[in-house]
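Some notes on the structure that comes next.
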Amino acid sequence: MKLIRKTSLIRRQKDTAVHCEIELCEAAGAPGRYLVNLRQGRLGGEWRDSTRTPQPVDLATAQALYQRAIIDRQAQGFADPAHVEAATPTVAAAAAAPAITEADRTLLRRLEPGSWKLLDQHQRNRTIWRISECRLRAAVPVLVDQLQRGDAMQDYCIAWAIGRCGDPGAAIAMRELHARGTTDAVRRVALLAWLMLASPEERERHAHALVETWPEPLRSACENGNAEVLLGQVAADGSWLEQLDQVALARPAARTLLLALLRAVPLRAGVFRAVRHLYKAAELRTDPEMFALLQRRFETTPHMPGSYVWARGRYRPFAEEAAHPDSTVAYGHRTRVYLLLRGWRTLRRLGELDDPSYISMALGVLLSLDDRDAAAPSRRGARLLDRYAHWALFNHLLRSHAGLRHSRTGLTWYRTVEHAADDLRTEAFPELWDRHPEALLTLMQRSRCEGVHEFAARALADNAAFSAALTLDQLRDLLRSPYQATARFAFTVTRARFEPEPPDHEWLVVLALAALPEARDYAMEWIGRDSARYATDPVLVRTILCAPDATVRRHGWILCQAALRLPGVPDEIVLQILDWLTHCDDSDDAAATVPAVAADLFHALDNPLHAAAAEAPYDALLRLAVHRLAAVRLLACRWLLLHALPPSGLPGTTLAGLLRDDDVEVRGMAVRLFAALPEHVLKAQLDLVAVFATSADGVVRAAIDDVVRRLASDTDSVAMLLPTLLDSLFRSEAADGVHDDILGWLTGPLSAAPELASPDLLRRLLAARGRGAQRLGAMLIGQFTPGQFGVRDWAAFGRNQNATVRRWAYGAFTAYPDQVRADMEGALRLFDSKFDDTREFATQFFAAQCGPEDWSPLLLVNLCDHPDPAAQRFGRAMITQHFDIADVTEFMFKLSQHPSANMQLFVSTWLESACGGDADKLRRLEPYFLTVLSQVNRGRVVKQRVQRFLRAQAMLSEEIAAVVAQLFARQVVTVAIADKAQYIEGLRDIQRRYPALPPALTIVPPTMRETTGEAVR
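In our numbering, the protein residues as written are 14 to 1030.
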């Protein structure tokens, strides 16, 4: 291809810039036919290619498309790079020497030999310093002659003055002074002056020589731009920072690295001395960027606390210790205050001398300010402090004449009364700002401080000629500013360009995208007056439809309605929307703004632009389906559903990618595309349908709902879907709502499936631990009859956690008591329920429906042995109610083994009637007696009852007495003292009644002792 014409545009954002190149080329192999191509992206990133000519066109058409492409991009905020660069003033290393004034001549006369001899050393130093401030290059030859003829301070001042005057002829002298200076300070400033005067080649040789002496890790980190490695090295030895500054004078990459380090390096001992040296170097070179960066560090970084520090064995004054060469402290309160005041002194001297560097230095300081660092307004007694009260340099620069008071140090500014807003200018040196309106424009374009914008807008409003010359691109950028003062200034200037005539389309685009609400309302008012006129411009309509403000976008729908009456315009609008969506991710805040815009765009595409949207280029929609932004992919899916081509034409790879998308909304819409496929295709993808139906994403399940309902009439499809749906119910719910949707399908469109009528399935559902399966079982149980299950199933259902299932089981028990009596063992499992209503029903049912013939000893013993106390009570009641003495004897032997205190008490009530006078029965109950009598601090009633029973039985026969004596003899040596007397007394009674029995107790009479008869005192 042969390039005919090319246009480069740029759109600057907060921290980056988007570039766009538009080319008009002659098509290869097709003479007389032309193409219009676009490339757009960020430097260092991948650029996106597009074209306005799918097929080659003639030259006239290509030129029209070329101009249209330029207009489109300008409407999106792109501008000519030359205009953008022109808005940013350049900062020279040293300003041009001004004309010599009478005051300058007076200074030069003081250098004459006769006058010079009359000055003392201090006066000489002050004279040289004043020469440096005035940049009197004519004094340089005399100053060179004075080198090393005074004290070290004189040499320092001379080197400083030569560096600022910028006379290359003194470069050799500075190099010699650097080699022979008497102090480190003199040698350091002489080196700085020489580097300022040296040629670029000399600076590069010096930088190369420095870098060659660095250790390999440090050199490699510098070459690769690894700030983290350098930061660690600089924190250990600050001298590397000064060397990097010298290298940065010749190498821009090192300069970027240096500034990054200065933003992060800690202000502490070992490093701060180098930082202070670089601060002075920035003053000498009038380096706005470094000066502003360090000044901002001093304002925002707290100083080290304390007036005294512990060092070398005692407390020392902070200032004394900080001045020590190997000090461990730095950056105290006095140092910080001094540096903050020095910053304003430097700027004030530049302003007083009418030095052009004042603007560049002040510009650097003001651009470094950020509202995120501002404090909240407060009140301290009678002092009213606003958000900028502690920004000393800001207040000196912009509010010197605002009637503010400040603290003794000048670091805190305040009012004592409420101040009404006025329109007066309060900055220092306003005449300098008036001579540099381009600097004010730069502040309005780049500052992140509302106070700076208010100052710049007010100052630039006084420069009518400069304001009238602002370009459309510049006004567009200012109108988009989030700062009201700047946007309002741009709105005033913009209106003056066309009023009283209505704005043309270009101005309307600028106003519609403004950040100022008044500007947007103004534009919408004109659109409302003549929507038919403005609807003829597809670029304007697209701009309104894609505006960040929702109110503006709604006016775009009005323009779309008007465009329907214009042949071909809706199609052009749709193409413009496609182009905007393709490149909408170029803006920094695209992720936050595009979703709302895309949602409103679909409203326009689905309503007024529906016919044109249905015929949109299909390949363009497919490209949007793989866009970086999820909101664009979502819109592409919805647009594909509107398109005239059916979803069956969608490439399988595209649909598969959308179904695996990271964004849940996109996946949901992709499932809707899948659901729109023909039914025979869906039947071949039932496993995928089942996966979507059980998805954790609600939007995906909602999208597949129609498919499930459509397939419900096909028995084979339902049979393949049911296992997956049921399996999901047996598992933990992946997300809220999953089981609800599946239950809705299983009890709705899929309820007629024969698999759901299986008793085995119901048993599995109600026995499952999963809540979803339990819920389905409760929903399905009403479709079953008790006859389809056994008594044991009824009992299991009666223990279910769902009340509906339990009530169904109660009904089965009540309706079929004969079957219950036939399987009493299974039916009694109702008592295993943890629900009170089930146990209550079981107690009432079995008491009313079951007689003595239904109860077996084993059943009642098991019931009495139940863990639940209520079941035990019921079992004991049934024994008492239905059985006589003979039967009770067998029960008693079984129940006597129960450890429960209540059961032991129950057994004790039957002792007299069941085993009284029978030694064999008493022997069988020996474990029971031992258990009861061995209890400590519990079972007092049953223990006393057993003791009385056994003592009474022992008096009946010698055989029984032998059994009782054995029990008492064992207990008398083991039990507590409270019961010992009972057993001793019982054994004594037995021994007296039956002397022939082996004695279990030996009575020893007390020993008699003789006494003297005297009272023991």
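In this text, a Cβ means the ideal position worked out from N, Cα and C, and glycines have one as well.
Since we're looking at a predicted model, the values are computed, not measured.
- Taking all protein chains in view, the Cβ of I185 is surrounded by fewer than 16 other Cβ atoms within 10 Å, so the residue is classified as exposed.
- The C-alpha of L360 lies about 13 Å from the C-alpha of S413.
- Distance from the CA of F743 to the CA of E768, rounded to the nearest whole angstrom, comes to 16 Å.
- Cβ-Cβ distances below 6 Å link P561 to T606 in the same chain, with the five nearest sequence neighbours on each side left out; the list follows chain order.
- With respect to the 9 Å criterion, T20 and I83 are classified as neighbours on the basis of their beta carbons.
- Contiguous alpha helix (DSSP H) elements confined to the segment 390 to 476 occur at 405 to 411, 443 to 448, 450 to 459, 463 to 474, taking only those with 4 or more residues.
- DSSP lists I35, S63 as the beta-bridge partner residues of L51.
- CA-to-CA, the gap between R567 and A649 works out to about 21 Å.
- Between L307 and V288, the gap from beta carbon to beta carbon is short of 9 Å.
- When secondary structure is reduced to three states using DSSP, W227 falls in the coil class, being assigned neither helix nor strand.
- In this model, A405 and D490 are separated by some 30 Å (Cα to Cα).
- Within the same chain, Cβ atoms closer than 6 Å to the Cβ of D584 are found at A625, the five residues on either side in sequence being excluded.
- Exclusion of the five residues before and after L668 leaves A683, L686, F687 as the residues of its chain whose Cβ lies within less than 7 Å of its Cβ.
- Sequence-distant partners of R722 (beyond 5 residues in either direction) whose C-beta falls short of 6 Å from its own C-beta, in its chain, are P762.
- Residue burial annotation: H337 is exposed, with fewer than 16 other C-beta atoms found within 10 angstroms of its C-beta.
- According to the DSSP assignment, L16 belongs to the beta strand (DSSP E) that extends over 15 to 25.
- With respect to the 9 Å criterion, A206 and W173 are classified as neighbours on the basis of their beta carbons.
- Under a 10 Å Cβ-count criterion, F468 is classified as buried, with 16 or more other Cβ atoms of the shown protein chains found around its own Cβ.
- Classified as exposed, K15 has fewer than 16 neighbouring CB atoms from the shown chains inside 10 Å of its CB.
- Y169 carries a helical assignment under DSSP once its states are collapsed to helix, strand and coil.
- Annotation: the continuous beta strand (DSSP E) that includes W323 extends over 321 to 324.
- Ranking L521, P154, A689, D676 by CA distance to the CA of L653 puts A689 first.
- The segment 425 to 432 makes no contact with the segment 326 to 342: fewer than 3 CB pairs, one atom from each, lie closer than 8 Å.
- In the DSSP assignment, R329 falls within the unbroken beta strand (DSSP E) covering 327 to 330.
- Going by DSSP, S128 is part of the alpha helix (DSSP H) stretching over 126 to 131.
- Its chain contains A295 as the residues whose beta carbon lies nearer than 6 Å to that of M303, once the 5 sequence neighbours on both sides are disregarded; these appear in chain order.
- In the structure shown, the three-state DSSP call for A725 is coil.
- In the structure shown, the three-state DSSP call for A478 is helix.
- Pairwise C-beta distances place the segment 381 to 394 in contact with the segment 458 to 472, as three or more of them are shorter than 8 Å.
- In this structure, I171 lies near L156, with their beta-carbon atoms less than 9 Å apart.
- Excluding five sequence positions before and after W60, the CB atoms of its chain that fall closer than 7 Å to its own CB belong to R52, Q53, G54, given in chain order.
- For T851, the enclosing alpha helix (DSSP H) begins and ends at 849 to 862.
- The Cβ atoms of L946 and D992 lie closer than 9 Å to each other.
- Under the three-state reduction of DSSP output, D250 falls in the coil class, being neither helix nor strand.
- Counting every other CB atom within 10 Å of its CB across the protein chains shown gives A657 a total below 16, marking it as exposed.
- With a contact defined as Cβ atoms closer than 8 Å, L454 and L473 qualify at about 7 Å.
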